[in-house]
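This report concerns only the one structure given below.
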Amino acid sequence: MKRIFRLLPLPLVSTALLLVLYTALYPSPQDSEEALRIGSRGDEVIFLQERLTALGLYTEDIDGIYDTPTSDAVRRFQLYNGLTASGVLDSATASLLLGNDEAGGESNPVGPTAEKDTVRNLLAVYVDKHCENASYLTKCACAAVVVNRSESDAFPDGIITNILSLSGALPLSPPPSQQALSAADFALAGGDPTDGALYVSERGKPLSERLYPTLSCDGFTFGK
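Heads up: the sequence shown runs through residues 315 to 538, numbered per the working numbering.
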C-alpha cells in the first residue's frame, strides 16, 4: 500500500547555511523587516521553494527569486494552515513550514506536521470547491476518492498531487469550511462511503460507461 503522506527529499544543507536560514526565517522583532518577501533572493529562497515544491504548492522553477508565484505559494500555505495570508515568510509561517524543535530551538526542514496539516486543508478546500452546497455524505465521498487515488497504483503518489490533478488550481480564499474539514478528516482516517471509488462525475453529469458506479448522491456519481 502506498504511503498517504510522502515528503520529497530535500537537498543537503550545510551547517553554515542552516545558520543563515535560521537568521533569515526566524527573525527577532527588531529585524522582522528582513523576513523573506517579494524581491528577496538567495539560498534562503531556494530552500523555501524546495519546501513548497515538496508540499505541492509551488510548481515554478527553483531559482532563488522570491517572485509572485513564490509569494502565492506561501499565501496558500498560510491560508490552508490558519495563518495571516500575507505572502510574506514571517516567523510564524517559517516555524510551521520548516518545523521547529521546541527542545533545542533548531530548525527542522522536514516538518511532517506542516505537511499533514496542509494535506488536510488542501483536501478540504477541494471538497468545498467540488461539492458546493452538497450533503456531508457527498463531501466525505469526494474526499475519499482523492485518498483512494493516492493508494492506487493507477494514479500518482501523494494526496496533494491527486488533488491538483482533479481540480487544477485551488482558490486562495476563502478558507475551508468546518464541514469540509470534517469530511477530510473522515477520509484521511480511512472512511469511505464509496466502496473504493476512484472517479467522481461532474455534478449532474453521468459517469463514463466503462466505470462501475458505487454511489450516487446530490447529482454526483462515484465509480471505479
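Idealized CB from N, CA, C, for every residue including glycine.
Nearest-angstrom Cα separation, counted from residue j out to residue i
i    : j    : result
P520 : C456 : 16 Å
Y450 : A503 : 16 Å
C454 : L371 : 23 Å
I539 : V441 : There is simply no residue 539 to check, as the chain begins at 315 and stops at 538 in what is shown.
L411 : R365 : 8 Å
V359 : Y380 : 6 Å
G505 : D377 : 40 Å
S530 : S405 : 46 Å
N462 : T367 : 23 Å
Q363 : L403 : 11 Å
S464 : S354 : 35 Å
N422 : F361 : Confidence is the limiting factor: at N422 the pLDDT is only 37, short of 50, which leaves the residue's position unreliable, though a coordinate-based value still follows. Approximately 12 Å, taken between the alpha carbons.
According to DSSP, residues forming a beta bridge with residue i
i    : result
Y526 : Y526 is not bridged to any residue.
F534 : C531
I474 : Note: I474 sits in no beta bridge, so no partner.
I379 : R355
Simplified DSSP state of residue i, which is helix, strand or coil
i    : result
Y513 : strand
R351 : coil
G518 : coil
L369 : coil
L403 : strand
S481 : helix
N395 : coil
G418 : At G418, the pLDDT of 35 sits below 50, so the modelled position is not reliable and the matter cannot be decided from this model.
Q344 : Note that Q344 has pLDDT 36, beneath the 50 cutoff, so the model's placement of it is unreliable and no number is given.
Residues of its chain near residue i, where Cβ-Cβ distance is below 8 Å and the 5 sequence neighbours each way are ignored
i    : result
T528 : T508, D509, G510, A511, F536, G537, K538
T452 : C445, C531, D532, F534
R351 : Y380, S385, G401, V402, L403
Exposure of residue i, with buried meaning 16 or more beta-carbon neighbours within 10 Å
i    : result
I477 : buried
E446 : exposed
Y490 : Just to set this straight, residue 490 is Pro in the shown sequence, not Tyr. P490 should be labelled buried.
Own chain residues within Cβ distance below 6 Å of residue i, not counting five before or after
i    : result
A399 : R389, Q392, L393
E374 : P383
Y513 : L525, G537
V459 : A511, V514
I401 : One point to set straight first is that residue 401 is Gly, not Ile, in the sequence displayed. Answer for G401: S385, V388, R389, listed in chain order.
Residues near residue i by beta carbon distance below 7 Å, same chain, minus five either side
i    : result
A494 : A438, V441, D442, K453
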